[in-house]
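Everything on this sheet refers to the single structure shown next.
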Amino acid sequence: MKTHLKRILCLALTLAIVFTTTAVCYADSEKCSCKNIPVVHVDGIGGALFLQNEDGSREQVFPPETDSVVKALLRILPFLPLASFSGDWSIFERALSLSAGQLFEVLRCDPDGNSVYNIQPNPCDEVKRSTHNNPDKRYNFSYDWRLDPLKTAAELDKYIDKVRSVTGHDKVILESYSEGGEICLAYIGAYGGGKIEKYITRCAAFQGVSVVGYIFTGKMRVDAEQTVNFLSTIIPTMLGENETLTNTVKVLKVTGILSALCKLANRFIEGNFDGFFEHFALPYFGYMLGVVDFTPDEFYSEVRTKYAEKPYHKVYLEKMDNYHEIQKNAKTVLTEAVEGGMKICIVSNYGCYVMPFVGNNAYQSDGLIDSAKSSGGVTFAPVGQTLGANYTQKVNDGHNHLAPDGSADASTCMFPEYTWLVNGFCHWNSPSDLMKWLIRYDGQPTVFTDSRYPQFSLGNPNDSTTAPMK
Numbered sequence: 006m007k008t009h010l011k012r013i014l015c016l017a018l019t020l021a022i023v024f025t026t027t028a029v030c031y032a033d034s035e036k037c038s039c040k041n042i043p044v045v046h047v048d049g050i051g052g053a054l055f056l057q058n059e060d061g062s063r064e065q066v067f068p069p070e071t072d073s074v075v076k077a078l079l080r081i082l083p084f085l086p087l088a089s090f091s092g093d094w095s096i097f098e099r100a101l102s103l104s105a106g107q108l109f110e111v112l113r114c115d116p117d118g119n120s121v122y123n124i125q126p127n128p129c130d131e132v133k134r135s136t137h138n139n140p141d142k143r144y145n146f147s148y149d150w151r152l153d154p155l156k157t158a159a160e161l162d163k164y165i166d167k168v169r170s171v172t173g174h175d176k177v178i179l180e181s182y183s184e185g186g187e188i189c190l191a192y193i194g195a196y197g198g199g200k201i202e203k204y205i206t207r208c209a210a211f212q213g214v215s216v217v218g219y220i221f222t223g224k225m226r227v228d229a230e231q232t233v234n235f236l237s238t239i240i241p242t243m244l245g246e247n248e249t250l251t252n253t254v255k256v257l258k259v260t261g262i263l264s265a266l267c268k269l270a271n272r273f274i275e276g277n278f279d280g281f282f283e284h285f286a287l288p289y290f291g292y293m294l295g296v297v298d299f300t301p302d303e304f305y306s307e308v309r310t311k312y313a314e315k316p317y318h319k320v321y322l323e324k325m326d327n328y329h330e331i332q333k334n335a336k337t338v339l340t341e342a343v344e345g346g347m348k349i350c351i352v353s354n355y356g357c358y359v360m361p362f363v364g365n366n367a368y369q370s371d372g373l374i375d376s377a378k379s380s381g382g383v384t385f386a387p388v389g390q391t392l393g394a395n396y397t398q399k400v401n402d403g404h405n406h407l408a409p410d411g412s413a414d415a416s417t418c419m420f421p422e423y424t425w426l427v428n429g430f431c432h433w434n435s436p437s438d439l440m441k442w443l444i445r446y447d448g449q450p451t452v453f454t455d456s457r458y459p460q461f462s463l464g465n466p467n468d469s470t471t472a473p474m475k
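Numbering (the working numbering), first residue to last: 6 to 475.
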């Protein structure tokens, strides 16, 4: 009798635990009828990375400490005059590769694209139901920016499911920035847009970054005029009007110091790129799929050939090809998601000269990413120029997509109705007023929905706001 009583009590206790747990789980996943759709944010490259030690402790390894960077530079500098006077730049190349390799050793990935060391990013934001009740809050998804975008996309899918479950919303608003655009394109390419109410991307690397293509193909060249132009457009957007820095750059140009430094750099690049690529760029950055996948389509074949020369790159090439297939078919991938009900908003900054690694080149950028790529194909005039007085819109869709100042034609991009362009903002500037409006707008906004946020606007770096271009 006592035995039966114990069994009954145990069964009752077990059922109580099961039903209590089920009730708690159900409470967490109750449908939410509020209008605040949870926002999942996927940031760009450069997030902090940590080495996970065997004893459970961890130490930050990226960004590297200033002391480590200074020591690496001091190890290299003595070889610069030696190489310059002797003309044998291979001496400097080996010193640079060795010193930089020591600095970035812990970040190294193997030839399959996997991390050699136990590296972890910052944890993602804890998923709390209350977070989405504040329209200014985000669920920040953290990831290891070195790794395969498709692997990261699988982690993002799990995080989105968790946010949906906890908040009780069927869909989320997915917001991306910079490399986050690469990750989100990989996600939509692999999983579709069924869980996304609206996709908003800013300064996205989803069509690649030409600077990366120039570097990995050895076409990189440093130009004095380009350096001055780059700094003249970047300094005001990041630091405001800074006469000291601006004048310093001008002095370096006028005295010929900048030109001399650029000539030294180019002499090194032209004669030693293959060695530098083999000894440093490939082993320390060339196996970071998250970085290599920035390669635009027009550079891809040449970059791929470098890897195809080695038989042990078979797995790596498969991973490269898998993402590149999504990248080059981005319009189809995104269009299918939009036709399935996903709203889309693309924001691209322009008006800046690109980093001075591409020779003397005035293509429009945000200082890092080509604006033609981050916008999905807008036609731009070179920085500081117009498309011409007699220019006519290339695609006649019944709407005007020409910039009032003649700097761009948005009719040629993937989504002309859903693409906003901010002149005067660099990669690191965010048009906060526009972004808030896009997130909070109920439905699919267009560039004609609100006169405050037309297709073309001027950015104010001082307060991160925009004003209609007139």
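The beta carbon of each residue, even a glycine, is placed where N, CA and C say it ideally should be.
Predicted model only: the values in this text are computed from it and were never measured.
| said: Between Gly381 and Phe420, how many whole angstroms is the CB-CB distance? I'm expecting something under 8 Å. | reply: The Cβ separation is near 6 Å, so the contact holds.
| message | The beta strand (DSSP E) that contains Ala472, what's its start and end? | response | Per DSSP, the continuous beta strand (DSSP E) segment holding Ala472 begins and ends at Thr470 to Pro473.
| task | Can you tell me which of Tyr317, Ala313 and Phe282 puts its alpha carbon nearest to the alpha carbon of Lys224? | result | When each option's Cα is compared against that of Lys224, the closest is Phe282.
| Can you tell me where the beta strand (DSSP E) with Phe146 in it begins and where it stops? | Run containing Phe146: Tyr144 to Phe146, per the beta strand (DSSP E) assignment.
| request: Kindly provide the ranges of any beta strand (DSSP E) runs that are 3 or more residues long and lie completely inside the stretch 49-97, ordered along the chain. | output: Counting only runs of 3 or more residues that sit fully inside the stretch 49-97, the beta strand (DSSP E) segments are 54-57 and 63-67, in chain order.
| Where do the ends of the alpha helix (DSSP H) carrying Cys418 lie? | Counting along the chain, Cys418 falls outside any alpha helix (DSSP H), and DSSP gives it neither H nor E.
| request: Give a yes or no on contact between the stretch 426-438 and the stretch 458-471, applying the rule of three or more CB pairs nearer than 8 Å. | output: Contact holds: three or more Cβ-Cβ distances are below 8 Å.
| query | At which residue ranges does the stretch 305-341 contain complete alpha helix (DSSP H) runs of 4 or more residues, listed in the order of the chain? | reply | Every alpha helix (DSSP H) of 4 residues or more that sits fully in the stretch 305-341 is shown, in chain order, as 319-333.
| query | Below 8 Å between beta carbons: does that hold for Pro409 and Met474? | reply | Result yes, Cβ atoms of Pro409 and Met474 sit closer than 8 Å.
| query | To which residues of the same chain is Thr310 closer than 6 Å at the C-beta, ignoring the five residues directly before and after it? | reply | Excluding sequence neighbours, Thr310 sits near nothing in its chain.
| Can you tell which of Met243, Tyr355, Gly295 and Asn354 has the C-alpha that lies nearest to the C-alpha of Thr157? | Minimum Cα distance to Thr157 is reached at Gly295.
| In three-state terms, what does DSSP make of Gly389? | The answer is coil: DSSP assigns Gly389 none of H, G, I, E or B.
| Below 8 Å between beta carbons: does that hold for Lys167 and Val132? | Yes, these two residues count as a Cβ contact at 8 Å.
| Three-state secondary structure assigned by DSSP to Val29 | Confidence at Val29 is low in this model, with a pLDDT of 37, below 50, so its placement is unreliable and no value can be given for it.
| Grouping DSSP H, G and I as helix and E and B as strand, with all else coil, what is Phe461? | In the three-state DSSP reduction, Phe461 falls in the strand class (E or B).
| message | Quick check: what's the CA-CA separation for His174 versus Tyr182? | response | Approximately 23 Å, taken between the alpha carbons.
| query | Can the beta-carbon of Thr238 be found less than 8 Å from the beta-carbon of Gly49? | reply | Cβ atoms of Thr238 and Gly49: not closer than 8 Å.
| message | Using CA atoms only, rank isn't needed, just tell me which of Arg207, Ser104, Glu110 and Ala53 is closest to Cys350. | response | Its Cα nearest to that of Cys350, the residue Arg207 stands out among Arg207, Ser104, Glu110 and Ala53.
| What residue range is occupied by the uninterrupted alpha helix (DSSP H) comprising Ile274? | Its alpha helix (DSSP H) spans residues Ile262 to Phe281.
| request: Inspect the CB distances between the stretch 216-234 and the stretch 338-347 and report whether three or more fall short of 8 Å. | output: With the cut-off at 8 Å, the stretch 216-234 and the stretch 338-347 do not touch.
| field | Euclidean distance between Cα positions of Ser353 and Asp60 | value | Across the structure, Ser353 and Asp60 are spaced so that their CA atoms are roughly 45 Å apart.
| said: Between which residues of its own chain and His284 is the CB-CB distance below 6 Å, once the five residues before and five after are set aside? | reply: The residues are Ser102.
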